[in-house]
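Here the working numbering is used: the first residue of the sequence shown is 88, the next is one more, and so on. Quick reminder that beta carbons are idealized off the backbone N, C-alpha and C, glycines included. In this text the structure is predicted, and so the values were computed from the model without any measurement. Below: the structure, in structure tokens.
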Amino acid sequence: MSMLKIKKGDTVKVIAGKDKDKEGKVIAVNQKDGKVVVEGVNMITKHAKPNAANPNGGIIHQEAPVDASNVMYIHKGKVTRVGIKMDGDKKVRYAKSTGDVID
Numbered sequence: 088m089s090m091l092k093i094k095k096g097d098t099v100k101v102i103a104g105k106d107k108d109k110e111g112k113v114i115a116v117n118q119k120d121g122k123v124v125v126e127g128v129n130m131i132t133k134h135a136k137p138n139a140a141n142p143n144g145g146i147i148h149q150e151a152p153v154d155a156s157n158v159m160y161i162h163k164g165k166v167t168r169v170g171i172k173m174d175g176d177k178k179v180r181y182a183k184s185t186g187d188v189i190d
């Protein structure tokens with residue numbers, strides 16, 4: 088899999104699937120599988136046995152990974168593709184719609 092252009096902490100919009108048009112912050116990125124976990128998107132329910140961290144057990148609602156191809160980066164309120172270019176001797180991400188450097 089090629090390098091993902093989405094990083095932890097980015098704000099993204101879901102462009103496909105059951106949660107289409109939802110926005111959220113990226114919680115985790117799995118580079119190997121090409122998946123991202125987005126806050127409040129693709130919620131699943133898990134049945135947990137009681138343990139030290141959760142003494143009562145019960146039903147837990149949590150986010151599941153979404154394929155990185157199903158999310159787009161939000162820059163200044165609009166979705167945009169992300170590119171990579173050299174800024175001097177350093178690689179930087181930039182928004183392709185505006186040309187602005189992201190980080």
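Query raised in the report: So is the beta-carbon of Ala135 under 7 Å away from any non-hydrogen atom of the ligand HEM?
Result: This structure lacks the ligand HEM, and indeed carries no ligand of any kind.
**Report entry** Separation of Thr132 from Val158, as counted between CA atoms
**Finding:** 22 Å
**Report entry** Nearest-angstrom Cα separation, counted from Glu150 out to Gly127
**Finding:** 6 Å
Query - From Ala115, Gly96, Lys92, residue whose alpha carbon lies closest to that of Val153 - result: Ala115
Requested in this report: Could you say if the segment 180–187 and the segment 162–169 meet the contact criterion of at least three C-beta pairs nearer than 8 Å?
Outcome: yes
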